[in-house]
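Notes follow the structure.
There are 2 protein chains.
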Amino acid sequence: MTDTYITLAHGNGGRYMRELIEGTFARHLGNPLLDINADAARLPWDAGELMFTTDGFTVQPLEFPGGDIGSLAVHGTVNDLAVAGATPRYLSLNAFIEEGLPLTQLDRIVASLARAAKMAGVVVAAGDTKVVRRGEGGGLYLATAGIGVRTPGIELGMQTIQAGDAILVSGPVGDHGIAVMLAREQFGLKGELASDSASVLPLTRAVLGLPGLRFMRDPTRGGLATVAHEISRATGLQAGLQQAAIPVRDQVSAVCEMLGYDPYYLACEGRVVAVVAQADAAAALAAWRALPDGQDAALIGHMQPGRAQVVLHTPLGGTRILDELEDDPLPRIC
Amino acid sequence: MTDTYITLAHGNGGRYMRELIEGTFARHLGNPLLDINADAARLPWDAGELMFTTDGFTVQPLEFPGGDIGSLAVHGTVNDLAVAGATPRYLSLNAFIEEGLPLTQLDRIVASLARAAKMAGVVVAAGDTKVVRRGEGGGLYLATAGIGVRTPGIELGMQTIQAGDAILVSGPVGDHGIAVMLAREQFGLKGELASDSASVLPLTRAVLGLPGLRFMRDPTRGGLATVAHEISRATGLQAGLQQAAIPVRDQVSAVCEMLGYDPYYLACEGRVVAVVAQADAAAALAAWRALPDGQDAALIGHMQPGRAQVVLHTPLGGTRILDELEDDPLPRIC
Numbered sequence: 001m002t003d004t005y006i007t008l009a010h011g012n013g014g015r016y017m018r019e020l021i022e023g024t025f026a027r028h029l030g031n032p033l034l035d036i037n038a039d040a041a042r043l044p045w046d047a048g049e050l051m052f053t054t055d056g057f058t059v060q061p062l063e064f065p066g067g068d069i070g071s072l073a074v075h076g077t078v079n080d081l082a083v084a085g086a087t088p089r090y091l092s093l094n095a096f097i098e099e100g101l102p103l104t105q106l107d108r109i110v111a112s113l114a115r116a117a118k119m120a121g122v123v124v125a126a127g128d129t130k131v132v133r134r135g136e137g138g139g140l141y142l143a144t145a146g147i148g149v150r151t152p153g154i155e156l157g158m159q160t161i162q163a164g165d166a167i168l169v170s171g172p173v174g175d176h177g178i179a180v181m182l183a184r185e186q187f188g189l190k191g192e193l194a195s196d197s198a199s200v201l202p203l204t205r206a207v208l209g210l211p212g213l214r215f216m217r218d219p220t221r222g223g224l225a226t227v228a229h230e231i232s233r234a235t236g237l238q239a240g241l242q243q244a245a246i247p248v249r250d251q252v253s254a255v256c257e258m259l260g261y262d263p264y265y266l267a268c269e270g271r272v273v274a275v276v277a278q279a280d281a282a283a284a285l286a287a288w289r290a291l292p293d294g295q296d297a298a299l300i301g302h303m304q305p306g307r308a309q310v311v312l313h314t315p316l317g318g319t320r321i322l323d324e325l326e327d328d329p330l331p332r333i334c
Numbered sequence: 001m002t003d004t005y006i007t008l009a010h011g012n013g014g015r016y017m018r019e020l021i022e023g024t025f026a027r028h029l030g031n032p033l034l035d036i037n038a039d040a041a042r043l044p045w046d047a048g049e050l051m052f053t054t055d056g057f058t059v060q061p062l063e064f065p066g067g068d069i070g071s072l073a074v075h076g077t078v079n080d081l082a083v084a085g086a087t088p089r090y091l092s093l094n095a096f097i098e099e100g101l102p103l104t105q106l107d108r109i110v111a112s113l114a115r116a117a118k119m120a121g122v123v124v125a126a127g128d129t130k131v132v133r134r135g136e137g138g139g140l141y142l143a144t145a146g147i148g149v150r151t152p153g154i155e156l157g158m159q160t161i162q163a164g165d166a167i168l169v170s171g172p173v174g175d176h177g178i179a180v181m182l183a184r185e186q187f188g189l190k191g192e193l194a195s196d197s198a199s200v201l202p203l204t205r206a207v208l209g210l211p212g213l214r215f216m217r218d219p220t221r222g223g224l225a226t227v228a229h230e231i232s233r234a235t236g237l238q239a240g241l242q243q244a245a246i247p248v249r250d251q252v253s254a255v256c257e258m259l260g261y262d263p264y265y266l267a268c269e270g271r272v273v274a275v276v277a278q279a280d281a282a283a284a285l286a287a288w289r290a291l292p293d294g295q296d297a298a299l300i301g302h303m304q305p306g307r308a309q310v311v312l313h314t315p316l317g318g319t320r321i322l323d324e325l326e327d328d329p330l331p332r333i334c
């Protein structure tokens with residue numbers, strides 16, 4: 001690993017990406033509004049506050065069971081606003097299209113994007129397209145920026161997290177990562193596992209009224225383990241996760257065992273990790289389980305005093321440290 | 001030219017790109033706010049109105065005399081807001097980085113982006129980075145989305161244009177296109193011509209108070225001729241341009257003659273084309289000429305009745321039709 005050239009590890013959501021963002025982007029662009037630890041920027045405005053966020057998408061293949069790069073580009077940005085406690089309103093869309101992409105495929109993808117936007121209640125209000133020469137792009141890259149309305153009176157953030165708070169996840173982890181990997185058929189593996197790609201707005205709305213809600217994040221690049229790491233780093237607390245409580249589908253576990261992946265690092269695109277005061281944990285869980293996308297929601301651990309790291313407690317009473325991600329298990333997953 | 005695969009002509013700002021945007025993007029995403037003929041979306045909000053826009057950047061080489069992809073990514077989006085009559089406030093930034101890009105170069109580019117943002121008075125409030133494998137990207141692609149405050153009481157738009165209105169340009173055309181082309185050294189040509197890449201905010205502010213100001217646009221992809229075409233198509237009027245009045249630098253003319261380019265189709269990144277009621281044309285020109293970036297501003301023609309096309313009147317009394325752009329003279333220019 002050299003630090004003079006960009007490597008794939010600079011894009012994997014782990015340490016190298018954090019160092020790149022801190023050392024290059026945040027260093028130059030630093031300003032009080034640009035919080036590299038937040039999912040969306042909070043923008044002071046004349047009446048009320050806007051939330052503003054952006055995300056880029058390079059998933060390969062462009063279409064996979066349960067979604068495509070178009071719906072993903074809506075869900076990614078909508079979900080960043082949703083977990084920040086905002087109601088998404090407007091999106092912008094950039095498309096970098098590689099010469100040679102079949103127009104029929106582009107049409108399907110844009111149609112899917114439009115459906116996802118409609119379902120999430122957002123309007124694509126601005127857009128731009130660029131075409132790059134054959135070989136200079138990966139078929140299609142998308143970027144979306146989103147503007148949302150901040151829900152008044154809600155103060156979410158990692159700084160509100162306390163020892164004893166419960167960690168919840170809204171559903172099984174790793175579906176998106178494994179679904180996309182299987183769609184590549186690169187290991188001769190096939191499967192009909194669908195991505196979890198979806199708007200998490202119903203999930204975030206269901207718990208936004210709970211006074212004990214501290215923080216939410218969608219575990220995309222780097223997965224559940226990376227979100228737990230970010231919380232642990234920011235709070236100085238230990239994230240203790242109970243392996244037996246973390247929902248993982250059998251098919252995801254089977255593929256992970258076969259290929260040596262760890263499901264806790266795999267991307268989800270329709271799940272929420274929430275940190276909630278223990279007193280409200282049962283209410284949050286009940287609210288999620290009442291929703292179609294939250295039926296497998298689970299309380300998976302607690303924030304606790306101790307060394308600031310992520311500790312996985314195994315069913316047999318052992319522990320395993322979930323280190324910060326370094327190698328990219330699955331590039332171009334979102 | 002086939003219409004089943006994306007070709008480079010789909011990205012050149014001309015007819016094929018318009019058909020792609022109308023036939024695919026606007027067809028699926030159509031909504032009252034998404035105006036594919038506007039530079040920025042006008043967003044109703046509680047107090048006042050936001051303007052929201054986005055642009056993607058794939059210029060090659062990444063650095064060139066007078067600018068780089070970083071400053072360009074600020075100017076492009078700032079200028080889209082400026083010509084729409086807004087004051088830019090916030091930007092989002094997406095970076096698609098190719099594995100292998102030297103970090104020192106990325107650092108220079110992001111630093112340049114930060115300087116350009118500071119000079120234009122905008123804050124980068126959100127960002128995201130993706131890294132793609134070597135060979136899957138062109139070094140670096142950027143996308144920026146921008147939020148601005150709409151200036152109250154100003155009604156700009158092509159629908160306000162009338163026969164007899166004057167067409168103004170704020171400075172020489174084609175500098176950016178030729179500067180980038182020379183930086184490639186692909187024809188064995190070298191030169192020290194600098195791009196005109198800059199924020200046009202001083203220029204737009206200087207004329208925003210004129211009651212006769214109808215419409216402004218920055219002539220980027222497709223250049224002056226494409227802006228004139230867009231105006232002509234939207235108004236049903238003829239755009240009559242006086243060749244002798246259009247400012248073109250000697251070095252730009254020389255390269256164009258050598259390579260068979262037409263300077264009126266070359267991208268500018270720091271110029272404004274304005275349509276102004278004849279009664280206010282002299283005032284607009286004087287306001288621009290008082291600025292460092294407007295010293296070569298010129299009245300270059302008029303909107304007039306007749307067939308809706310762009311007619312170039314040559315110094316010897318002849319005429320030449322400037323057709324809608326089809327072939328891309330210089331791909332990856334912005």
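Heads up: the sequence lines are chains A and B, in that order. Sequential numbering from 1 applies to the first sequence in UniProt numbering. Sequential numbering from 1 applies to the second sequence in UniProt numbering. Note that CB positions come from ideal geometry on N, CA and C, so glycine has one too.
| request: Quick one: residues in its chain with C-beta nearer than 8 Å to the C-beta of B:VAL122, no 5 flanking neighbours on either side, listed in chain order? | output: VAL74, VAL78, PRO88, ARG89, TYR90, LEU91, GLY146
| Where B:SER71 falls: helix, strand or coil (DSSP) | helix
| said: Helix, strand or coil for A:PRO88? Go by DSSP, reduced to three states. | reply: strand
| message | Give me, in chain order, the residues of the same chain whose beta-carbon lies closer than 8 Å to that of A:SER199; leave out the 5 immediate sequence neighbours on both sides. | response | VAL74, HIS75, VAL78, ASN79, ALA82, ALA116, MET119, ALA120, GLY270
| said: By alpha-carbon positions, which one of B:ALA279, B:LEU203, B:LEU20 ends up nearest to A:VAL110? | reply: B:LEU20
| field | Beta bridge counterpart(s) of A:MET303 as assigned by DSSP | value | A:ALA239
| Nearest candidate by alpha-carbon position, reference B:LEU193, set B:ARG249, B:LEU322, B:VAL275, B:THR104 | B:ARG249
| B:VAL272 and B:ARG217 closer than 9 Å at C-beta | yes
| task | Would you list the residues sitting across from B:ASN94 in a DSSP beta bridge? | result | B:ASP128, B:ALA143
| query | Taking Cβ-Cβ distances shorter than 8 Å, what residues in chain A pair up with B:ARG18? | reply | Residues of chain A passing the Cβ test: none, with the nearest at roughly 11 Å.
| said: Between the alpha carbons of A:ALA308 and A:HIS176, how many angstroms are there, rounded? | reply: 28 Å
| request: Spatial neighbours of B:GLY171 within its chain, please: CB distance less than 7 Å, with the 5 preceding and 5 following residues excluded, ordered by chain position. | output: ASP196, PRO247, ARG271, ASP293, GLY294, ASP296, ALA297
| Euclidean distance between Cα positions of A:ALA38 and B:ILE300 | Below a pLDDT of 50, predicted positions are generally treated as unreliable, and A:ALA38, at 49, falls in that range; the measurement from the model is reported next regardless. Rounded to whole angstroms, A:ALA38 to B:ILE300 spans 49 Å at the Cα level.
| said: Run through the DSSP bridge pairs and tell me what B:TYR5 is partnered with. | reply: A:PRO102
| request: Output, in chain order, the set of chain B residues within a Cβ distance shorter than 8 Å of A:ILE147. | output: LEU43, LEU50, PHE52, ILE147
| said: Check whether chain A comes within 9 Å of B:LEU193, counting only Cβ atoms and requiring the distance to be less than that. | reply: no
| said: Is B:TYR90 close to chain A? Criterion is C-beta to C-beta, closer than 9 Å. | reply: yes
| said: Is there a Cβ of chain B sitting closer than 9 Å to that of A:GLY318, yes or no? | reply: no
| field | Among A:ALA225, A:GLN242, A:GLY164, A:GLY191, the one whose alpha carbon lies nearest that of A:GLY318 | value | A:GLN242
| said: Along the chain, where does the beta strand (DSSP E) containing A:ARG217 start, and where does it finish? | reply: 213-217
| query | Between which two residues does the alpha helix (DSSP H) containing B:ASP280 stretch? | reply | 278-289
| task | Spell out whether any CB of chain A is found under 9 Å from the CB atom of B:ARG133. | result | yes
| Got a sec: which bits of the stretch 113-133 of chain B sit with their beta carbon under 8 Å from any beta carbon on chain A, in order along the chain? | LEU113, ALA114, ALA117, VAL123, VAL124, ALA125, ALA126, GLY127, ASP128, THR129, LYS130, VAL131, VAL132, ARG133
| query | From A:ALA282, A:LEU182, A:GLU257, A:LEU93, pick the residue whose C-alpha is nearest to that of A:ALA114; which is it? | reply | A:LEU93
| said: I'd like to know whether the C-beta of A:LEU213 is nearer than 9 Å to at least one C-beta of chain B. | reply: no
| How about B:VAL110: is its C-beta nearer than 9 Å to some C-beta of chain A? | yes
| Contact with chain B by A:THR226, beta-carbon distance below 9 Å | no
| query | Nearest chain B C-beta to A:ALA86 closer than 9 Å, yes or no? | reply | no
| query | Taking Cβ positions only, does B:PRO102 come closer than 9 Å to chain A? | reply | yes
| field | Cβ shell of B:THR58 (< 7 Å), same chain only, five flanking positions each side left out | value | GLY138, TYR141, ARG332
| message | Please report whether the beta-carbon of A:THR24 lies at a distance below 9 Å from any beta-carbon of chain B. | response | yes
| field | For A:ILE167: DSSP bridge partner residues | value | A:VAL275, A:GLY301
| field | Limits of the beta strand (DSSP E) - the one that A:ARG320 falls within | value | 319-321
| query | Is there at least one Cβ from chain A nearer than 9 Å to B:ASN94's Cβ? | reply | yes
| request: Reducing DSSP to helix, strand and coil, say where A:GLU136 ends up. | output: coil
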